[in-house]
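Visitor:
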Amino acid sequence: MDFSFTPEQEKLKKEFEEFFITEMKKAPPTYETGGLEAMFGSDVGWEFHLYMARELGKKGWLAMAWPEKYGGKDASVIDQVIFSEVRGYYGGPGVDIFGIGIVAPTLLVAASEKQREKFLPPIAKGELMYCQGWSEPNAGSDLASLSTTAVKDEDDYIINGQKIWTSGAHRADWMFILVRTNLEEKRSKGLTYLLLDMKAPGITVRPIEAMDGLHMFNEVFFDDVRVPIANRIGEENKGWEVTRQSMNFERSSIGIFSENQKTIEDLVRFVKETKRDGKPLAENQVIRNKLAELAAETEVGRAMAYNIAWMQEKGGLFLAASAASAAKVFGTELAQRLVYVGADILGQYSQVKESKWAPFHGKFETNYQNCMGLNIAGGTSEIQRNLVAWIGLGLPR
Amino acid sequence: MDFSFTPEQEKLKKEFEEFFITEMKKAPPTYETGGLEAMFGSDVGWEFHLYMARELGKKGWLAMAWPEKYGGKDASVIDQVIFSEVRGYYGGPGVDIFGIGIVAPTLLVAASEKQREKFLPPIAKGELMYCQGWSEPNAGSDLASLSTTAVKDEDDYIINGQKIWTSGAHRADWMFILVRTNLEEKRSKGLTYLLLDMKAPGITVRPIEAMDGLHMFNEVFFDDVRVPIANRIGEENKGWEVTRQSMNFERSSIGIFSENQKTIEDLVRFVKETKRDGKPLAENQVIRNKLAELAAETEVGRAMAYNIAWMQEKGGLFLAASAASAAKVFGTELAQRLVYVGADILGQYSQVKESKWAPFHGKFETNYQNCMGLNIAGGTSEIQRNLVAWIGLGLPR
Amino acid sequence: MNLDFNEDQEILRSSAKNFLEKECPKDLVREIEESKEGYSPEIWNKMIELGWTGIAFPEDYGGYGGDFMNLIVLMEEMGRNIIPSPFFSTVVLSGLTILEGGTEEQKKEYLEKIAVGEIIMSLALYEPNGSYNASGITVSATPKDDGYVINGTKMFVNDANIADYLLVVARTEDSDNPEEGVTIFLVEAKASGITCNKVPTMGLDNSCEVIFDNVSIPKANILGEAGKAWEVIQKSSEKAIMAKCAEMVGGAQASLDMTNAYAKERVQYKQPIGKFQVIQHYLADMMIKVGTSRNILYEVSWMVGQNIPCAMKVSAAKSWINEAYKFITERGVQIHGGIGTTRECDIGLYYRRAKTAELILGDTGHHLENIAQEIGL
Amino acid sequence: MNLDFNEDQEILRSSAKNFLEKECPKDLVREIEESKEGYSPEIWNKMIELGWTGIAFPEDYGGYGGDFMNLIVLMEEMGRNIIPSPFFSTVVLSGLTILEGGTEEQKKEYLEKIAVGEIIMSLALYEPNGSYNASGITVSATPKDDGYVINGTKMFVNDANIADYLLVVARTEDSDNPEEGVTIFLVEAKASGITCNKVPTMGLDNSCEVIFDNVSIPKANILGEAGKAWEVIQKSSEKAIMAKCAEMVGGAQASLDMTNAYAKERVQYKQPIGKFQVIQHYLADMMIKVGTSRNILYEVSWMVGQNIPCAMKVSAAKSWINEAYKFITERGVQIHGGIGTTRECDIGLYYRRAKTAELILGDTGHHLENIAQEIGL
């Protein structure tokens, strides 16, 4: 047993740290809040994301784990996790969680050679941003009920229907989408996986305002949108299997924990500097205990994340699936608790939006409103617990 | 709206208080721990219970709410709740929760006049103690799966089978029991409600040791036990309905809250008197907050209990049923939290059993082990939440 | 003991409910809260016409008797159907403070003006230091000529931007005991030297920073007696806390109701999500918290209304309801799923207000410490 | 990075598992824990034969190399299958303290005796004041003639009733800094002036009160250097804490496994209770806590074994595993229902030990305060 990094990994970690320390000085203040809000919520935020994506692309850090022939470095999962850990700590954007996180791993497993050669390089270079066409108004957790259709017409599919909760659809270049190609087949059968250009005629993007007023989510409407058959990944009607195959993207949730760590450090500084009723907040035993608890949980989460990385590294995808569900629910609920504790500490100032009166640029005000989203997006905490019970414990469905 | 007691009620409350203050001086030290353990767990404990029962019987306080003709005083539910509140605070025994709490209200609704005249007076006088023959090894929460049988033979039923979790079966005089009289009928149909003498031949009581080693629970085996048909309450095969009718016993759970209040007062004294690492525990803000939280919750519980009493007083049994489930789960989980906080406060001493080293006569050591029982007995917390969802919120079963 | 409301109160409740449902649909709430004024003068005028502004005061001061439980009923309904209005600032925070601490003349003058809807008022209590205690009062009122000069900054003053008058809690004397030497001044909100800026808040609730730069106030504008105001604040706060609690309980009930309805109607995996046991238990816990919140609300409000000392119970109620309302709205968002996290979904309105309401008149930590002191710690 | 155990360790694990399952069924555990000696000399001898008592020490001192992770593997298995034995007191608490703080001679003498199973030892650390800190050390050792005289009472000394020697942590000098002036003495457990009484505890774990009444100890029996013992205690405690954590993780895993099995087998309402979503979520939460506990256990144990400074992580591990183990066993009892609350059901053994284990080497509150200090608060 050996928890240490190799000297190369130590070196890599330093490089990552130096990169983010330098580059994040250029970040607009909205990045203080972290998360997708900073990226999607404003033009400056998005531009900084694009800038960082291209810089990371140049470094080759976006596609680290890919085979060399697609522009990757055949790096280990551990290397990737180190990168994600550092990036999470500094709150750096530049990694398209859809393109890098989901599309690319899917293509690597399920696409034709030709498709890989076409679609992977722009992702690796940070030049093309994706969004995710999965949820529909009547299919949130239950993706098998999807009803957006695609009908073949010569060399194209023609798509009609609606997607929802599409983060960043108003900014993305491309979308990966699950559509129903066979109406006879039920549930998860009869679905097909396509890539489509967001500039295609017939696409309408309608913003959905988040609770705090920011614009991250969208509804996307499809009115006779044509997608070349050549953009289908895998076989027709096998879209469900295609999505299931792409589980070998990095699923450790490490970024949540390193981001937490940074937040805790900020709060420690805050409570030492801030007096209330004549005493530094840091002297309040309740605050000490709460921050200590969160710091402990963050250490625990970090250990968990590296363990998942190790399982993935060894190829234990089945066990890793349950562990990844566990990490997701543990991580997002921890992040939520941290926001709530931070809000308690800030007291009356926790309610203040980004302004001259707001500590941390209003981070806790906005995160107070969007932290629940983490427990919902990407599989609700309820679904994750079901999966842990079914996969991890073998309980009956 | 008026939350005050009438002058008569204020007077009654004082009488209750004086009675328990005086009488509890005679209690053996095991009563410090409270609960059924003190009653059933030792001979001295049981004798004190019997003594108190007869004293309360003489005062007429056991049967307060019954019609006068059965020895009662036609008192209001509120009066009963005041009694239970005071009794809970002083940890007084003497009330047979089975005889007074369940059998008598059932008889009042479902028994024949003759049966009432026979069975009620000894209960009212505190002379006869009951135990409850409900759960079976394969029927815990799911009582409808009961399989202990009763077959008619001339003037008797002949009972065969087994009951479990029978608190105090080793001490009780009588049992009320649900048995299956019709094997063709399924689930809750075909059950019959009987009263039986625990001295009847063919009954074997086997103790079940509780986690902390005390003897409260038992298994009871029936081998051709004869019960006169005259002891059947309600019609044959209608036992389920009979049990369902008896919901108008006092269900406020008030006793939990007043007992809590006493425990909090004791802990407040303890943390003021006890120094650790040179500082009184009472100066630790974590301890202050936790005790304050529990004190608040106890006040909340008390308000809830009186509200249920008021609903019952007005006859709103249906709504009161959901509220009573709510009070049960709220009360027992609060009691558990209180035990855990108390144990945290006691630190290393929380593990010490009754002995010269034990604070509070080992109350927290023993309650640490039996507090979960409250969330299980009398309908688990899971069942109670189901009932709140189904009855209170109309959610689909 | 009689735990039912009387018939008049039931009528008040149902008429308030109907009025608010009709006049203040949630789309309008969203529109109002983003407006500069942060309230609808139109609806406010209708509330005045209905006599709501006089509900908390005795007839002698232009009110309608002032049974405190009437105010509780009304606040509960205003919480159930959110209505951005200066009611709480004017009638509860300011009105009850004047009723508690004002001279007979002041009560006659200002309460009647509030009752007839002539003025909007607010209480300028908190400061940038974020304290809920007397030690937090540092805005100074220094004697000068025949009056006082006020300097300093007040924070989180709701509706100061639309107020005609402010009750400014200032320190007129330094003392070892911070509860001494505190005085309340009746100040015209537009008086020279006052700058008012809206602070953007999660609750979008007209929260303001009010800066006093050498603001001269005549002696006559002292509310009641100089130097003795902290006791007044404490007593009127008990009532204001319970009124806020009522609003919160109304909001918690609405949150439960809308979530329960959604759970019955939203289908996933071929069944309403309300059939999943985990969702049922979430909702059961929410219901238990709403129920208990209401129980403690009514008991303690009644006691406060009867002037029965119950400081511990007031803090028990506020701390419990603070946490319950946050819990209920948070679970409400979770059960709603994605749509719950959006601005267009009503549950979010309540989620935001739950946090804002906690911060008014003492957050949970503050009230737990109060309780600790009251139980002898 | 390589997060797998090596083959030897896997063999150690499975042989330990098999041995314990066979030799120490739960009925025997219940019998042993109620016995006066509180351990089975028979099984203890077999453990010695298996070489377990030498697992933590280098070969120079009669051990088998002492890779710390081997000890972790063994403790985890001893936690999974509860075995009342003096292993923790002797090998971990005492052995590791001697290894850390003893002179070369003392190490040679005592560690070898421990390794070959010749002696049972325990560490007499805590006192009636209930503190986990250096300030809690008040038992005095006063110089007299050529040695010291010890007076005072030690509490919660596990296995003192069966020990041959005690390591007694005493104060030899008063100092403003309570961490100075603390000395460890090697004391024969039956020395004149020592009274040992078993304290009846929830864990039924041979917890003793040890009273020292003018107990004379020669200077030579000072472990290492006089006055410098607190640092030794702190360093050896880190290892002992992780070993205890391993035992707890083993117990937590066993609690999850038996509860999961029960949920699959127990039928109510015509289905295994493990099909109810609420039970599934309870179990999922339990599994998450077991998994995370094991993750942090291995990481921090490895660091401690490598002598990498990680005081904060040690406290993070202990505080997390304290709470996780209590949570898991508590839910375990709840899922078992009635039977879970009885002495005959195995889950109760673990539930009781979860609380006892929390109290050894720092409860959650203690470790949270350590963390607070480590993160700069």
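Protein chains in written order, with the numbering used here: chain A, 272 to 668; chain B, 272 to 668; chain C, 14 to 390; chain D, 14 to 390.
Beta carbons are placed, not taken as given, at the ideal position from N, Cα and C, and that holds for glycine.
With distances taken from CA atoms, which of 137(D), 115(D), 80(D) and 229(D) is nearest residue 154(D)?
Guide: Here residue 154(D) refers to the residue found at position 141 of the fourth sequence. Answer by Cα proximity: 229(D).
Visitor: If you draw a straight line from the alpha carbon of residue 583(A) to that of residue 475(B), how long is it in whole angstroms?
Guide: Stepping through the first sequence from its first residue, residue 583(A) is reached at position 312. Stepping through the second sequence from its first residue, residue 475(B) is reached at position 204. If I take the Cα positions, the gap works out to 58 Å.
Visitor: Return the chain-ordered list of same chain residues with a C-beta closer than 8 Å to the C-beta of residue 461(A), the five sequence neighbours on each side being excluded.
Guide: Here residue 461(A) refers to the residue found at position 190 of the first sequence. Closer than 8 Å at the Cβ level, and outside the excluded window around residue 461(A), lie 451, 452, 453, 454, 455 and 508.
Visitor: Whole-angstrom Cβ separation of residue 317(D) and residue 252(D), contact assumed at under 8 Å?
Guide: Residue numbering aside, residue 317(D) sits at position 304 when the fourth sequence is read from its first letter. Residue numbering aside, residue 252(D) sits at position 239 when the fourth sequence is read from its first letter. Going by Cβ atoms, the distance from residue 317(D) to residue 252(D) rounds to 6 Å, so yes, they are a contact pair.
Visitor: Which residues, in chain order, does the region 330-352 of chain C contribute to contact with chain B at a C-beta distance below 7 Å?
Guide: Result list: 332 and 333.
Visitor: Taking only runs of the alpha helix (DSSP H) that begin and end inside the region 60-141 of chain D, which ones reach a length of at least 4 residues, in chain order?
Guide: Whole alpha helix (DSSP H) segments, 4+ residues: 81-93, 109-114 and 125-128.
Visitor: Would the region 77-96 of chain C count as touching the region 309-324 of chain C if we require 3 or more Cβ pairs under 8 Å?
Guide: yes
Visitor: Would you mind sorting residue 634(A) into buried or exposed? The rule is 16 or more other CB atoms within 10 Å of its CB.
Guide: On the first sequence, position 363 is the one that residue 634(A) refers to. Within a 10 Å sphere around the beta-carbon of residue 634(A) sit 16 or more other beta-carbons, which makes this residue buried.
Visitor: Listed from N- to C-terminal order along the chain, which residues in the region 546-579 of chain B have their beta-carbon within a distance smaller than 7 Å of any beta-carbon of chain A?
Guide: 555, 556, 557 and 560
Visitor: Which runs of the beta strand (DSSP E) fall wholly inside the region 352-408 of chain A and span at least 3 residues, in chain order?
Guide: 401-404
Visitor: Could you have a look at residue 429(B) and say whether DSSP puts it in helix, strand or coil?
Guide: Mapped onto the second sequence, residue 429(B) falls at position 158. Residue state, collapsed to three classes: strand.
Visitor: Check this for me: beta carbons of residue 210(D) and residue 172(D), under 8 Å apart or not?
Guide: Within the fourth sequence, numbered from 1, the residue matching residue 210(D) stands at position 197. Within the fourth sequence, numbered from 1, the residue matching residue 172(D) stands at position 159. Going by C-beta atoms, residue 210(D) is not nearer than 8 Å to residue 172(D).
Visitor: For chain A, is any of its Cβ atoms less than 8 Å away from the one on residue 15(D)?
Guide: Sequence index remark: in the fourth sequence, residue 15(D) carries index 2 (1-based). Residue 15(D) counts as touching chain A.
Visitor: Helix, strand or coil for residue 208(C) per DSSP?
Guide: Here residue 208(C) refers to the residue found at position 195 of the third sequence. It is a strand residue.
Visitor: So, with DSSP's three-state summary, where would you put residue 218(D)?
Guide: Stepping through the fourth sequence from its first residue, residue 218(D) is reached at position 205. Looking at residue 218(D) - three-state DSSP - the assignment turns out to be coil, as it is neither helix nor strand.
Visitor: Could you say which of 439(A), 655(A), 414(A) and 274(A) lies nearest to residue 309(A) if we only look at CA atoms?
Guide: Within the first sequence, residue 309(A) is the residue found at index 38, counting from 1. Of 439(A), 655(A), 414(A) and 274(A), the residue nearest in Cα terms is 439(A).
Visitor: Assuming residue 622(A) and residue 214(C) make a contact with CB atoms under 8 Å, what is their CB distance in whole Å?
Guide: Locating residue 622(A) in the first sequence gives position 351, where the first residue counts as 1. Locating residue 214(C) in the third sequence gives position 201, where the first residue counts as 1. At roughly 5 Å, the Cβ-Cβ gap stays under 8 Å, so residue 622(A) and residue 214(C) are in contact.
Visitor: Can you tell me which of 358(D), 371(D) and 364(D) puts its alpha carbon nearest to the alpha carbon of residue 620(B)?
Guide: Against the second sequence, residue 620(B) aligns to sequence position 349. The option with the nearest alpha carbon to residue 620(B) is 371(D).
Visitor: Between residue 644(A) and chain C, is there a C-beta pair that is closer than 8 Å?
Guide: The count along the first sequence starts at 1 and reaches residue 644(A) at position 373. It does; some Cβ of chain C falls within 8 Å.
Visitor: Assuming residue 197(D) and residue 110(D) form a contact by the criterion Cβ under 8 Å, report the distance between their Cβ atoms to the nearest whole angstrom.
Guide: The residue you call residue 197(D) lines up with position 184 of the fourth sequence. The residue you call residue 110(D) lines up with position 97 of the fourth sequence. Right, the Cβ-Cβ distance comes to about 7 Å (below 8 Å), so this counts as a contact.
Visitor: Let me know the secondary structure DSSP gives residue 486(B) once reduced to three states.
Guide: If you number the second sequence from 1, residue 486(B) lands on position 215. Residue state, collapsed to three classes: strand.
Visitor: Taking the DSSP output, what are the residues bridged to residue 231(C)?
Guide: Within the third sequence, numbered from 1, the residue matching residue 231(C) stands at position 218. Beta-bridge pairing links residue 231(C) to 160(C).
Visitor: What residues in the region 644-661 of chain A have a beta carbon less than 7 Å from any beta carbon of chain D?
Guide: 656, 657, 659 and 660
Visitor: Can you give the Cα-Cα distance for residue 221(C) and residue 49(C), rounded to whole angstroms?
Guide: One-based indexing of the third sequence puts residue 221(C) at position 208. One-based indexing of the third sequence puts residue 49(C) at position 36. One C-alpha to the other measures close to 12 Å.
Visitor: Out of curiosity, what's the CA-to-CA distance linking residue 389(C) and residue 303(B)?
Guide: Counting from one through the third sequence, the residue named residue 389(C) turns up at place 376. Counting from one through the second sequence, the residue named residue 303(B) turns up at place 32. One C-alpha to the other measures close to 22 Å.
Visitor: For residue 284(D), is the classification buried or exposed, using 16 other Cβ atoms within 10 angstroms of its Cβ as the cut-off for buried?
Guide: To locate residue 284(D), count along the fourth sequence from 1; it is residue 271. Exposed is the call here.
Visitor: Taking residue 268(C) as the reference, which of 146(C), 235(C), 250(C) and 295(C) has the closest Cα?
Guide: Working through the third sequence from its first residue, we reach residue 268(C) at position 255. Distance from the Cα of residue 268(C) is smallest, within the candidate group 146(C), 235(C), 250(C) and 295(C), for 295(C).
Visitor: Whole angstroms is fine: what's the gap from residue 327(D)'s alpha carbon to residue 563(A)'s?
Guide: If you number the fourth sequence from 1, residue 327(D) lands on position 314. If you number the first sequence from 1, residue 563(A) lands on position 292. In a straight line, the C-alpha of residue 327(D) is about 13 Å away from that of residue 563(A).
Visitor: Chain C beta carbons: is any one of them nearer than 8 Å to that of residue 663(B)?
Guide: Here the question's residue 663(B) lines up with position 392 in the second sequence. Yes - at least one Cβ of chain C is within 8 Å of the one on residue 663(B).
Visitor: On the three-pair Cβ rule with 8 Å, is the region 349-364 of chain B touching the region 526-538 of chain B?
Guide: yes
Visitor: Closer than 6 Å by C-beta to residue 130(C): which residues in its own chain qualify, once you throw out the five before and the five after it? Chain order, please.
Guide: For the purposes of this step, residue 130(C) is identified with residue 117 of the third sequence, where counting begins at 1. Leaving aside the five residues that flank residue 130(C) on each side, the residues in its chain whose CB is nearer than 6 Å to its CB run, in chain order, 61 and 66.
Visitor: On the criterion of 16 or more Cβ atoms from any shown chain inside 10 Å, does residue 126(C) qualify as buried, or is it exposed?
Guide: Against the third sequence, residue 126(C) aligns to sequence position 113. The residue in question, residue 126(C), is buried, as its Cβ has 16 or more Cβ neighbours within 10 Å.
Visitor: From what residue to what residue does the alpha helix (DSSP H) around residue 278(A) run?
Guide: Position 7 of the first sequence, counting from 1, holds the residue named residue 278(A). Per DSSP, residue 278(A) belongs to the alpha helix (DSSP H) from 278-294.
Visitor: If we cut at 8 Å on Cβ distances, does residue 284(D) have a partner in chain C?
Guide: For the purposes of this step, residue 284(D) is taken as residue 271 along the fourth sequence, with counting starting at 1. Answer no: the Cβ-Cβ gap between residue 284(D) and chain C never drops below 8 Å.
Visitor: So, are the CB atoms of residue 164(D) and residue 225(D) less than 8 Å apart?
Guide: As a first step, residue 164(D) is located in the fourth sequence; it is residue number 151 there, counting from the start. As a first step, residue 225(D) is located in the fourth sequence; it is residue number 212 there, counting from the start. Taking the C-beta atoms as reference points, residue 225(D) is found nearer than 8 Å to residue 164(D).
Visitor: Does any residue of chain C have a CB that is nearer than 8 Å to the CB of residue 281(D)?
Guide: As a first step, residue 281(D) is located in the fourth sequence; it is residue number 268 there, counting from the start. It does not; no Cβ of chain C falls within 8 Å.
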